[in-house]
Structure formats: C-alpha cells, structure tokens
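Protein chains: 2
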Amino acid sequence: DGDKDQVAAETEATFKDHRRIGLQQELYMINEHTPGSIFLLPHGTRIYNRLLLFIRAQMKQFRFDEVVSPIIYKRALWNTSGHWDKYKEEMFEVKGRSEADSEQYGLKPMNCPGHCLIYRHIDRSYRDLPIRYADFSPLHRNESTTTITGLTRVRRFHQDDGHIFCRVDQISVEIQQALKLIDEVYKVFDVPSYRLLLSTRPEQYIGSLEDWDRAESALREALDFSAHDWKLNEGDGAFYGPKIDILLKDQNGKEHQAATIQLDFQLPQRFDLKYRGEDDSTEHRPVMIHRAVFGSLERFLAILMEQTQGNWPLWISPRQVLVLPITDQHAAYAEKAQSILSGLPLGAPTRLLDSNAETFFVDVDDRSETLGKRMREGIQKGYTYLAVIGDKEVESGTISLKKAKGGKKSKQMTFTLEEARKFLEDEVAQYH
Amino acid sequence: DGDKDQVAAETEATFKDHRRIGLQQELYMINEHTPGSIFLLPHGTRIYNRLLLFIRAQMKQFRFDEVVSPIIYKRALWNTSGHWDKYKEEMFEVKGRSEADSEQYGLKPMNCPGHCLIYRHIDRSYRDLPIRYADFSPLHRNESTTTITGLTRVRRFHQDDGHIFCRVDQISVEIQQALKLIDEVYKVFDVPSYRLLLSTRPEQYIGSLEDWDRAESALREALDFSAHDWKLNEGDGAFYGPKIDILLKDQNGKEHQAATIQLDFQLPQRFDLKYRGEDDSTEHRPVMIHRAVFGSLERFLAILMEQTQGNWPLWISPRQVLVLPITDQHAAYAEKAQSILSGLPLGAPTRLLDSNAETFFVDVDDRSETLGKRMREGIQKGYTYLAVIGDKEVESGTISLKKAKGGKKSKQMTFTLEEARKFLEDEVAQYH
Ligand SMILES: [Zn+2]
Ligand SMILES: [Zn+2]
Chain A
74 DGDKDQVAAE
84 TEATFKDHRR
94 IGLQQELYMI
104 NEHTPGSIFL
114 LPHGTRIYNR
124 LLLFIRAQMK
134 QFRFDEVVSP
144 IIYKRALWNT
154 SGHWDKYKEE
164 MFEVKGRSEA
174 DSEQYGLKPM
184 NCPGHCLIYR
194 HIDRSYRDLP
204 IRYADFSPLH
214 RNESTTTITG
224 LTRVRRFHQD
234 DGHIFCRVDQ
244 ISVEIQQALK
254 LIDEVYKVFD
264 VPSYRLLLST
274 RPEQYIGSLE
284 DWDRAESALR
294 EALDFSAHDW
304 KLNEGDGAFY
314 GPKIDILLKD
324 QNGKEHQAAT
334 IQLDFQLPQR
344 FDLKYRGEDD
354 STEHRPVMIH
364 RAVFGSLERF
374 LAILMEQTQG
384 NWPLWISPRQ
394 VLVLPITDQH
404 AAYAEKAQSI
414 LSGLPLGAPT
424 RLLDSNAETF
434 FVDVDDRSET
444 LGKRMREGIQ
454 KGYTYLAVIG
464 DKEVESGTIS
474 LKKAKGGKKS
484 KQMTFTLEEA
494 RKFLEDEVAQ
504 YH
Chain B
74 DGDKDQVAAE
84 TEATFKDHRR
94 IGLQQELYMI
104 NEHTPGSIFL
114 LPHGTRIYNR
124 LLLFIRAQMK
134 QFRFDEVVSP
144 IIYKRALWNT
154 SGHWDKYKEE
164 MFEVKGRSEA
174 DSEQYGLKPM
184 NCPGHCLIYR
194 HIDRSYRDLP
204 IRYADFSPLH
214 RNESTTTITG
224 LTRVRRFHQD
234 DGHIFCRVDQ
244 ISVEIQQALK
254 LIDEVYKVFD
264 VPSYRLLLST
274 RPEQYIGSLE
284 DWDRAESALR
294 EALDFSAHDW
304 KLNEGDGAFY
314 GPKIDILLKD
324 QNGKEHQAAT
334 IQLDFQLPQR
344 FDLKYRGEDD
354 STEHRPVMIH
364 RAVFGSLERF
374 LAILMEQTQG
384 NWPLWISPRQ
394 VLVLPITDQH
404 AAYAEKAQSI
414 LSGLPLGAPT
424 RLLDSNAETF
434 FVDVDDRSET
444 LGKRMREGIQ
454 KGYTYLAVIG
464 DKEVESGTIS
474 LKKAKGGKKS
484 KQMTFTLEEA
494 RKFLEDEVAQ
504 YH
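So this is what it looks like as structure tokens:
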C-alpha cells in the first residue's frame, strides 16, 4: 500500500489540465495530418458515447426529434444563410477534383441552415409548432493553427445542437424548458455554479420592434421562472435576436460558455420559413431558437476532465473496474469476475447481446509485474475501482472493491461476484 | 373496417421500392443544395439510431473499440495511403478560403488511413494484437450526379466500419468471428439467404507469396468452419489482399453487397505499421482486415425498407403504437395510455430520464377526422400497432392492440395499460 499512497500524493499534488489527463488516460490524440481535428481514442469515445446516450434520453422527454443532416452544402445555401460572406475564412470550401466539376460547397460550421431546409420541406401549420430538431453532426471551423489547442480550441467538433421553430407566444415555455434541462443536467455533472445573462436589442437590429419586445419579455419571464439569479446585458444581443448566455464556473473558478440559448428572427426570414396560422393565412413567420446544453462536446469533455481531474464518477468512467490477480493461480477466477461484473461472456460470443443490456468496462491486469506497479498504473489510468484477487477471494468466492482514488481511508467492500455486479448497477443508477 | 381493408388491398398489391416507402413514411429527404447527401428525418433517424445501438452492443462483445476519427486530412496522408491518385475524381478536396491558406485536404472516403494513424500512435507489441477499431463516421465519395439515387447510390454515407490489425496466425479466428457476427446479425433481420465468395491472389500482387498462402488458407479454414456454403473466385482478389464477398439476397431475389471482409497487406506497408514480436524484434508487420456487417447503413436501410415493405418489426419500428380516441371524450384516457406505453411522462418533464430506460414511440391522433381516415393514414405511415380508444376502454381501463398490417384476421389483444406495456417489452425482447 506504500506504493499506492506515494502515487496518490504525487498525482493529487498539482492541478492537471485536460491535455495531461487526456494523455495519461489515453482519451484522445492529435496528428499533424489534420490539425484541430481530435481523434477520440477508445476510452475517450466511451465517455463521449455515454454523454450522447445520456442527452439522447433527455431529448426524448423534452420532445426533440433527432435528425441526421448533411455535412456539405452548395455555396448557394451559404449565400442564403449569410455564412458565405460573414464566416469567410472560418469556413472550409469543398470541391470535386475533376476539371468539369466547378461546384463550390461549404463544409458546415453549424447545423442551422440544414434544419431550415428540413423545416421548409413540407408545409407547416400552427398546430405543428413547436418543431424541435436535435443533431449531433460534426462541424468544422477553420480556426487559425496558432490558436488551436487541446479540446477547447479545435477545428472539428460536435454539439448537442438543437433548433426550435415556434410561434412568438411559445417562446416563454420553450425557454423555461431549456433552462430547466440545463439546470438538471448541470446538477448531474456537479457543476458548482453558473451565471445567466440576458442580452437584449442592440441599436442595429432586424425584425419588428413588437416581436423584439414580446421575445424579450418572454425571456425575462422564463428567467424569472427559473428561480436562478440572472443579469441583464442591455443592448448586447445579436442584431438578429436576443440571447441568454449560460456561463459555467468550474471547480477552479474558471468560467466557460457551454450552454447557449439564442433567438433568431433572421434565418426564418432568409429561408422564407412560414406556417399556416389559425387565421388560415400561410404568411406567418416562425421564430427560431438555437440552443445547446453541453455546447461543444469536446469542450464539455475538457471541462469534465479538469473538474474531475480524471477521477470519473462510475457511470461515465471509461475504466470502471480493474481486476488484479496477485499470482497466476488467481488468473482464472479474475477472468470469471471480469465476465460477471462486465456482463460480457468469457471468450468468443455465443449469442447477440441485447441492445439495452447494461455492461461495465472491466479489465484484468495479469501481467507479471509487481502488484504495486500494476495498482499504480491502474490508478494513473483512472480506474474507478480496483479489485485485488488472492487466495481469500478464490476460496470464498468473493471480491473486494476499493475506490482507486479513495485514498488510505477509503473502505474496501467485500461481496460475492453477483453482489458486486449489483453494487455497480446501483451506483450507476444513482446517476444515469 | 371497410376503409382499412381497402387500404390494405391497395398498399399490398404492388411492390414498393424504398424511395416510395421513404416518402410515405417521411423517413428521409433530399435537397438540391447537397445532391447525394441524405437528410435522415426524425423517423428515419429512429431506425438509424436503433441499428447503431444494436451493432454497438455487438461490438462490445466482439471486442471492437469504437473511435471517433477526423473527417478531413491533408493531401500528404492520401498520398501515403495511395487514395489521392487512385481515387482521383471520387474524392472531394477541402481548402481554407483565405489566400494564405494553401493547404489541400481530402474529405475522407474511408476510415482506414485514420485508423492506421491511431495504430501508429504508440508502440505495439504482439501481445496487444489483435487491435480492433470500430467507427461510424460519415464518409464522402464524389459519385457522378447522374448515378446518385435514393439511399443506394449516395455521396455521403455511414458504415459500421471496422479494422482489425493482427498477426498472420490470428487471421483465421478473426475471420471466423466476423462470419459468425454477420450470420447472427442477418438472422435477426430475417435475411433469407446470402452467398459467400472467396477471391484469391491475382497475377499482380504485393506482399510475400508465403503471406498470401497463409492468409488464403486461413480464409478457407474460416469459411469451412462457418458451415455455410462458399464458392471460390480464383485470382479475383485485390492486388493488396484476398477477400470474402458476402452477397445478400433480399426477399425479391435481388442480390446486394452489404457485408465485406477484405485482407490488406498494403496499407500496413504504406504506413509502415509494426509491432514488437515475441523475438523482441520491432520489425514485424501486422495484417489489416477491413470489415463491415451492415456495410453502408444507408444502403442497409434501403434493403430493410424493401424487404419489410415498411412493415417494421416492433423493435426497429419508428412508429410503434398509434392511439386513436374515437371522440374528444376519449382523449384524456388516450393520453394516459400514451404516457404509460411510451414510458414518458405526460406534459413537461419533471426529472431526467435514465439513459437506459426503455421507451416506445407512441403517438395519439386525436384530430377531428373520421376514425376510418385516421386509421388509414396510420397504416400508411407504417405504425406497427393501432389502439382504438372508446367507451369500453375508458370504462374498463383497458387497451386493445391490433397489428396495423395484420389484415382482417389479425387478432386484437386486450390488456390493462400496464399489461400492454409489458406486452410491448416482451415483443421487443424477442428481437433486441
Ligand atoms: Zn443554430
Ligand atoms: Zn477500410
């Protein structure tokens, strides 16, 4: 145990930034062939997929419909949306490679124009609204190579993106729901605190004064309803609509923009989006709300990494249990424990797995290294639980789980294998 | 019921191709701004996500590690891989839009080179092999606009892509596992039959004769082990390795290439991939196996659409139950039924949903149209079960489920709401 304490002291002494944790736990890599595009390695992908699974479940109850939209669109679309000029050098251009192929495409920096095309695909009635689309497509922005770094300034990223098309009278409820979702999600991730800022109509604006007034009062109403402190940034909204900034403070006091809520009077106008009203006129214009909870998944991952310092809560941990047989004699039992705890059969699969089957990431380290070295490496890699297997365990058919980062006083719990599995399930169920 | 029978007769009379089903059930759309790139609409996305969830579960037990790899790579990478010249006009080129930004990128047509970079990222030992990566990234191929159509010839698509890096002595077991997975998956989707074809060394080839001989005999061994008929295509392999074609026959007798297994001696050489052997030499070269089970998810979706004719088995159905209150008086009970069957709370969510919570896609159609019209439209949209709610149901607290496409003789089953929910769970559990 001396080894373990030493490591604990070493690794807890200093704050580690996400790049260091990413390297230590092999979560992601970068490569000179594609600056700013992150390769999520197997363990990083596990966390990423867990975040997606979690947010997708919430999208079901918050009645967002996920869509999978294209990644390249002709220049004409970006002219309509205004991005071709506005985004200029931040947007990548795509072309066919034959002489004859003169079509210019843009690699999408955001999903909104694609979602406008989906909205416009069929006629919409006031009864269909609000229409809510979710999308987890990869987005590309040509940031300068001098500013790209780690997971926070990248060129390719993914958002838990959402667009709501609604009537002006629906804005308040939609924003209330968005604020509620953000609040609930941040609680799950133990975000210590966040600030809400309302930015209102600037001097230059599009849309009618009446719509702005109604939208702003809907936002105020929703903010008041949230029972969360908020502040006013008068006149600081975008020219195309008011917005709410959600500024998250991490456990080191650093502020990050993760979630956003942005109203938009412009895109519905540029794309000539309409709906048939109760008055039977088809000339009604919906409002568009852009919103994200995590924001950039890559950036949110970085925030989580720094906040947890790589000590992942069990439910999101990419390495949940490390089983350590003391000698070769304990290896067979260690594998049995791995199989029961993980929920995956030993050896070659004999049947297909149920899609919803709960499985755990359980590894065995049976290398011929000292137990101390294997424990130390397991702790450094970020395993949540360690389970040493010796004579006692084999003879009594038990397993002892101990939090890898629990420190000296962390209690060790002894279970049968089935009880241990149940214990893991229960701990995960407390989160998600 | 007269209405219903008429519709059944109309819709069953003729074979519908996937484009017609896609339109009728609003599964996907296309748009002139991005020819060949499919927009999966909400209901198409539900099927697509279900396929991903299903195959991801299998990847866990077949020990594939999912990664998320970048989408654009500098030209230099495609020179190394050979794609820049070989793929020429099939590959999209990507560039920054500022004058100063002269870097040429290629939009990836396949994941293999990216996976080679991940392999090469750290030193590998014979003990680490096989290394298996799964990836569901979007891929782009610049097919001519004259050939693109529906979901089968597209420019942007997704594969359930996998690459195995292994030693020559591991090929046979890896291929056996791949064939087993393909066979099990095809059973789940009721694929009536498929053919296996082994293509062997052509006149022009790279790699050593010894490696080819060992690889081919490993493939033969795996094919024999599969207990499935297979045929030899002598000399028809690619110059860089032998392959197994899996030709799936749909219920209309049409053959499709879905799954593939391709050995590759070339990319490991081009990327100078190595591993440290038992002899401690670092000069060993792994073999690479490209394999996919569904192949293109878009194409597999088209095959499923045509095979089922849009009558989705419950587990994959994007519209599982349609609840039809006869009059307004039955609307409140219909909503209660929707909530219990779907597993989603009525109205605004009050708590976060468990990520693994099983939910069902249950809609209520309470428009003031005749019951006949609503049933007909429900059948056309592809609902799996219809549940008409009248006085009897409200009074007895029951619900009757009837297969929408079961025809006249299909039995109607009456349950309490909780029993009905359990019935749906059980039916899904029979598949996945
Ligand atoms: Zn947006
Ligand atoms: Zn490949």
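Residue numbers (this note's numbering), protein chains in the order written: chain A, 74 to 505; chain B, 74 to 505.
Glycine included, each C-beta is placed from N, C-alpha and C at the ideal position.
Nearer than 8 angstroms: is that true of the beta carbon of residue i relative to any heavy atom of ligand 1?
{"i": "Asp233 of chain A", "result": "no"}
{"i": "Gln335 of chain A", "result": "yes"}
{"i": "Cys239 of chain A", "result": "no"}
{"i": "His363 of chain A", "result": "yes"}
Name the two residues that bound the continuous beta strand (DSSP E) containing residue i.
{"i": "Ser266 of chain B", "result": "Ser266 to Ser272"}
{"i": "Leu180 of chain A", "result": "Gln177 to Leu180"}
{"i": "His329 of chain B", "result": "Glu328 to Asp337"}
{"i": "Pro398 of chain B", "result": "Val394 to Pro398"}
{"i": "Ser473 of chain A", "result": "Thr471 to Lys476"}
{"i": "Glu166 of chain B", "result": "Glu166 to Lys168"}
{"i": "Val437 of chain B", "result": "Val435 to Val437"}
{"i": "Gln232 of chain B", "result": "Arg229 to Cys239"}
{"i": "His213 of chain A", "result": "Pro211 to His213"}
{"i": "Arg205 of chain A", "result": "Ile204 to Asp208"}
{"i": "Tyr458 of chain A", "result": "Tyr458 to Ile462"}
{"i": "Phe496 of chain A", "result": "From DSSP, Phe496 of chain A is part of no beta strand (DSSP E) but of the alpha helix (DSSP H) over Leu490 to Gln503."}
{"i": "Lys304 of chain B", "result": "Trp303 to Asn306"}
{"i": "Asp318 of chain B", "result": "Lys316 to Lys322"}
Check the Cβ of residue i against every Cβ in chain A and list those closer than 7 angstroms, keeping chain order.
{"i": "Leu340 of chain B", "result": "Chain A residues near Leu340 of chain B: none, gap ~15 angstroms exceeds 7 angstroms."}
{"i": "Tyr313 of chain B", "result": "Ordered by position in chain A, no residue passes the 7 angstroms Cβ test against Tyr313 of chain B, which lies about 21 angstroms from the chain."}
{"i": "Lys133 of chain B", "result": "Leu417, Leu426 and Thr432"}
{"i": "Phe127 of chain B", "result": "Ser428"}
Since residue i meets chain B, which of its residues come closer than 8 angstroms, beta carbon to beta carbon?
{"i": "Gly20 of chain A", "result": "For chain A, the structure presents residues 74 to 505; residue 20 of chain A sits outside this window and is missing."}
{"i": "Leu224 of chain A", "result": "Going along chain B, no residue has its Cβ under 8 angstroms from Leu224 of chain A, so there is no contact; the nearest lies around 12 angstroms."}
Mind pulling the chain B residues with CB within less than 7 angstroms of residue i?
{"i": "Asn184 of chain A", "result": "Neighbours of Asn184 of chain A on chain B: none; closest Cβ ~11 angstroms, over 7 angstroms."}
{"i": "Glu257 of chain A", "result": "Leu425"}
What is the residue span of the alpha helix (DSSP H) that residue i lies within?
{"i": "Met378 of chain B", "result": "Leu370 to Thr381"}
{"i": "Trp151 of chain B", "result": "Arg148 to Ser154"}
{"i": "Pro186 of chain A", "result": "Cys185 to His194"}
{"i": "Asn429 of chain B", "result": "It is not in any alpha helix (DSSP H) - Asn429 of chain B carries neither H nor E in the DSSP assignment."}
{"i": "Asp256 of chain A", "result": "Ile244 to Val261"}
{"i": "Phe127 of chain A", "result": "Pro115 to Gln134"}
Tell me, to the nearest whole angstrom, how far the beta carbon of residue i is from that of residue j; I am working on the premise that it is less than 8 angstroms.
{"i": "Arg229 of chain A", "j": "Pro143 of chain B", "result": "6 angstroms"}
{"i": "Pro315 of chain B", "j": "Leu340 of chain B", "result": "That pair is no contact at about 15 angstroms."}
{"i": "His214 of chain A", "j": "Pro182 of chain A", "result": "Just to set this straight, residue 214 of chain A is Arg in the shown sequence, not His. Contact flag correct, Cβ pair sits at about 5 angstroms."}
{"i": "Phe488 of chain B", "j": "Thr471 of chain B", "result": "6 angstroms"}
Starting from residue i, find everything on chain B with Cβ-Cβ shorter than 9 angstroms and list it in chain order.
{"i": "Phe112 of chain A", "result": "Val140, Val141, Ser142, Pro143, Gly187, Leu190, Ile191 and His194"}
{"i": "His236 of chain A", "result": "Ordered by position in chain B, no residue passes the 9 angstroms Cβ test against His236 of chain A, which lies about 13 angstroms from the chain."}
Would you check whether ligand 2 has a heavy atom nearer than 8 angstroms to the C-beta of residue i?
{"i": "Asn184 of chain B", "result": "yes"}
{"i": "His156 of chain B", "result": "no"}
{"i": "His30 of chain B", "result": "Residue 30 of chain B cannot be examined here, being either before or after the span of chain B that is shown, 74 to 505."}
What does residue i reach in chain A if we use C-beta pairs closer than 8 angstroms?
{"i": "His106 of chain B", "result": "Tyr146, Lys147, Ala149, Leu150 and Leu190"}
{"i": "Val261 of chain B", "result": "Leu425"}
Which residues of chain A have a Cβ atom closer than 9 angstroms to the Cβ of residue i, listed in chain order?
{"i": "Arg494 of chain B", "result": "None at all; the shortest Cβ gap to chain A is about 15 angstroms."}
- [ ] Decide yes or no for the touch test of the region 264-271 of chain A against the region 238-251 of chain A: beta carbon pairs closer than 8 angstroms, at least 3 of them.
- [x] no
- [ ] For the region 459-476 of chain A and the region 394-411 of chain A, state whether three or more C-beta atom pairs, one from each stretch, are separated by less than 8 angstroms.
- [x] yes
TODO: Please confirm if the region 102-120 of chain A is in contact with the region 182-198 of chain B, defined as three or more CB-CB distances below 8 angstroms between the two stretches.
DONE: Touching, yes.
Open item on the list: Can you confirm whether the region 149-164 of chain A touches the region 122-131 of chain A when touching is taken to mean that 3 or more C-beta pairs between the two stretches lie within less than 8 angstroms?
Closed with: no
- [ ] Check whether the region 375-382 of chain B touches the region 433-451 of chain B, taking contact to mean three or more Cβ pairs, one atom from each stretch, closer than 8 angstroms.
- [x] At 8 angstroms Cβ cutoff, the stretches do not touch.
Task: At least three beta-carbon pairs within less than 8 angstroms, the region 152-167 of chain A to the region 155-174 of chain B - done: yes
Open item on the list: Could you check whether the region 225-241 of chain B touches the region 358-368 of chain B, counting it as contact only if at least three pairs of C-beta atoms, one from each stretch, sit closer than 8 angstroms?
Closed with: The region 358-368 of chain B and the region 225-241 of chain B touch, with three or more beta-carbon pairs separated by less than 8 angstroms.
- [ ] Determine, using beta-carbon pairs with one atom in the region 210-217 of chain A and one in the region 127-145 of chain A, whether at least three such pairs fall under 8 angstroms.
- [x] yes
Open item on the list: Three Cβ pairs or more, each shorter than 8 angstroms: is that satisfied between the region 390-406 of chain B and the region 110-119 of chain B?
Closed with: yes
- [ ] Would you check if the region 125-139 of chain A and the region 250-258 of chain A touch, i.e. whether three or more CB-CB distances between them fall below 8 angstroms?
- [x] yes
Open item on the list: Can you confirm whether the region 199-207 of chain B touches the region 340-359 of chain B when touching is taken to mean that 3 or more C-beta pairs between the two stretches lie within less than 8 angstroms?
Closed with: yes
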